[in-house]
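Comments concern the structure below.
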Amino acid sequence: MSLSRELAISAYRNLLRSTRIAFHGDVATLNAARAEVHKQFVAKRSLEPGSQESMDSLAYAAEVSKILRQNVVQGEQDRPGHYKLNIHEHTERGDNDSIKKGKGRNLKVNSLTGKCSDA
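In terms of full-length UniProt numbering, the sequence shown is residues 1 to 119.
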């Protein structure tokens with residue numbers, strides 16, 4: 001088995017694992033995501049192993065897998081206006097320092113004098 005084929009199989013399996021993590025408990029979305037992964041890999045099957053396009057496609061698959069694992073969080077409505085987020089161990093959690101800075105403006109957050117949109 002060639003290295004390119006092994007990389008493609010590894011990328012495919014990694015994407016399937018990422019869909020399972022991202023869409024756990026949502027069978028319809030999980031099935032749709034897996035069908036899309038399969039469709040995309042079948043469409044790229046004819047690429048020449050080791051070609052630039054092949055390597056770009058594998059890099060893209062790795063990026064999609066990472067985004068699915070770390071940045072996709074599903075929410076379920078548990079009562080009107082309230083949602084429960086399905087955050088898992090792979091979910092990226094930032095400290096939001098860049099957001100707290102307000103892009104150079106002084107925003108009054110949680111103040112009685114106004115809203116962020118008033119700034």
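Glycine is no exception: its CB is placed at the ideal position from the N, C-alpha and C atoms.
Inter-residue Cα distance where the pair is Val37 and Gly81:
What you label residue 37 is simply residue 37 of the sequence shown in a count that begins at 1. What you label residue 81 is simply residue 81 of the sequence shown in a count that begins at 1. So the two alpha carbons sit approximately 33 Å from each other.
Would you mind stating whether Ala28 and Thr19 have Cβ atoms separated by less than 8 Å?
By one-based count along the sequence shown, residue 28 stands at place 28. By one-based count along the sequence shown, residue 19 stands at place 19. No, the Cβ-Cβ distance between Ala28 and Thr19 is not below 8 Å.
Would you check if the region 6-25 and the region 81-95 touch, i.e. whether three or more CB-CB distances between them fall below 8 Å?
yes
Under the DSSP definition of a beta bridge, which residues are partnered with Arg79?
On the sequence shown, residue 79 is found 79 positions in, with the first residue counted as 1. DSSP links Arg79 through a beta bridge to His82.
When you compare the CB positions of Asn14 and Ser65, do they come within less than 8 Å of one another, or not?
Position 14 of the sequence shown, counted from the first residue, corresponds to residue 14. Position 65 of the sequence shown, counted from the first residue, corresponds to residue 65. Yes, the pair counts as a contact, with Cβ atoms nearer than the cut-off.
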